[in-house]
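Chemist: Sharing a structure here in structure tokens format.
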Amino acid sequence: MNRQIIEEVRRNQPLIHHLTNQVVMNFTANGLLAFGGSPIMAKAEEEAPSMSTIANGVLINIGTLQANELHAMIAAGKAANQKGIPVVLDPVGVAATSFRSNAVSQLLTEVQPTVMKGNAGELAHLVNIPWQSKGVDSFGDGNVEEIAEKVAKEYKTTAVLTGKRDVISTPDMTRINETGHPILTKVTGAGCLLGSIIAACLTTSDTPIQQAHTAVAFYGLAAEYAAAQDHVNGPGTFIPSFIDALSMDVTQLERI
């Protein structure tokens, strides 16, 4: 983890344009604000590309994708590519239906993501590796490093594969993160918010693998800290403590 990346985010408060799913908008906005970024949510095709031109990063999340939103996502992603700002693609539930799979294929044809973030089932689907999935969840068991590395090489991106052990891969190297807590799997939008945190870290002056690894490691550490608080008894009491933890310094989080 590079603490200077977190400090740079908090100093610059990057504006992250979210084209994300309706279930998680409030949670994502509050989490990014706590971390130090500035969220904006704009999915209308009429303004999405313009919003990308004033943003510092773009998050595209297909969690509650509708057909009319795909055009806005593509337009926003292309505008971000042209401006040279980072794009994070979260292909939520891509393996669940042909609609989602086809949408992500179209996105990847027209937009170059800086980071592709997903669970093992989602990323495995994108590189034709068999994996067991249920809706937006992944239940398979196998070589997650192989999946992340193949995604990174095939799509010329940084792949962030989340799970018990997070795998961060570029076409040239792979890193593992082991911070985190199982309670995150019981919180709707936990992965979606991580995509936003990654996007904020990508706006800093470091390499994508270091930026992504720092985002994932800090996120997991914040979850560990929140879950360890005496008043946290389950997902409901965890969420406010987790939002608080995202605003803290690494040194505070390490005191558990």
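Letter 3 of the sequence shown, counting from 1, is numbered -1 in this note's numbering, and no numbers are missing. C-beta: ideal position from N, C-alpha, C; glycine also.
1) With DSSP collapsed to three states, give me the class of Ser134.
2) For Thr249, which residues of its own chain have a beta-carbon under 7 Å away from its beta-carbon, when the five flanking residues on both sides are left out?
3) Is Gly53 helix, strand or coil when you go by DSSP?
4) Specify, as a first and last residue, the run of the beta strand (DSSP E) that Asp240 falls within.
5) In terms of alpha-carbon separation, which member of Ser165, Pro126, Val246 and Ile12 lies closest to Ile76?
6) How big is the Cα-Cα spacing for Ile70 and Asp226?
7) Are the beta-carbon atoms belonging to Val212 and Val156 less than 8 Å from one another?
8) Have a look at Val228, Pro231, Ile252 and Ala208 and flag the residue whose alpha-carbon is nearest the alpha-carbon of Arg(-1).
9) Excluding five sequence neighbours on each side, which residues of the same chain lie with their C-beta closer than 6 Å to the C-beta of Ala144?
10) I'd like the ranges of any alpha helix (DSSP H) spanning at least 4 consecutive residues and lying wholly in the region 139 to 219.
11) Would you identify the three-state DSSP class for Lys113, choosing helix, strand or coil?
12) Quick one: what's got a C-beta closer than 8 Å to Ser46's C-beta in the same chain, skipping five residues either side?
Modeler: So, from the data block:
1) The sequence position of residue 134 within the sequence shown is 138, counting from 1. With a pLDDT of 44 at Ser134, under the threshold of 50, the predicted position of this residue should be treated as unreliable, though the coordinate-derived value follows. Strand.
2) The residue given as residue 249 occupies position 253 in the sequence shown. Per the sequence shown, residue 249 should be read as Leu rather than Thr. Cβ neighbours of Leu249 beyond the five flanking positions: Leu217, Ala218, Tyr221 and Ala241.
3) Counting from 1 along the sequence shown, the entry for residue 53 is found at position 57. Gly53 falls in the strand class under three-state DSSP.
4) Stepping through the sequence shown from its first residue, residue 240 is reached at position 244. No beta strand (DSSP E) holds Asp240; the alpha helix (DSSP H) holding it covers Pro231 to Leu242.
5) Position 80 of the sequence shown, counting from 1, holds the residue named residue 76. According to the sequence displayed, residue 76 carries Ala and not Ile. Considering only alpha carbons, the answer is Ile12.
6) As a position in the sequence shown, residue 70 is number 74, starting the count at 1. As a position in the sequence shown, residue 226 is number 230, starting the count at 1. Straight-line Cα distance between these residues: approximately 45 Å.
7) Position 216 of the sequence shown, counted from the first residue, corresponds to residue 212. Position 160 of the sequence shown, counted from the first residue, corresponds to residue 156. Contact flag set, yes.
8) Within the sequence shown, the letter at position 3 stands for residue -1. If we check each option's Cα against that of Arg(-1), Ala208 comes out closest.
9) Reading the sequence shown from its first residue, position 148 is the one you call residue 144. Closer than 6 Å at Cβ, skipping near neighbours: Ala155, Leu157, Val163 and Ser165.
10) 140 to 151 and 186 to 197
11) Stepping through the sequence shown from its first residue, residue 113 is reached at position 117. Strand.
12) Taking the first residue of the sequence shown as 1, we reach residue 46 at position 50. Around Ser46: Ala75.
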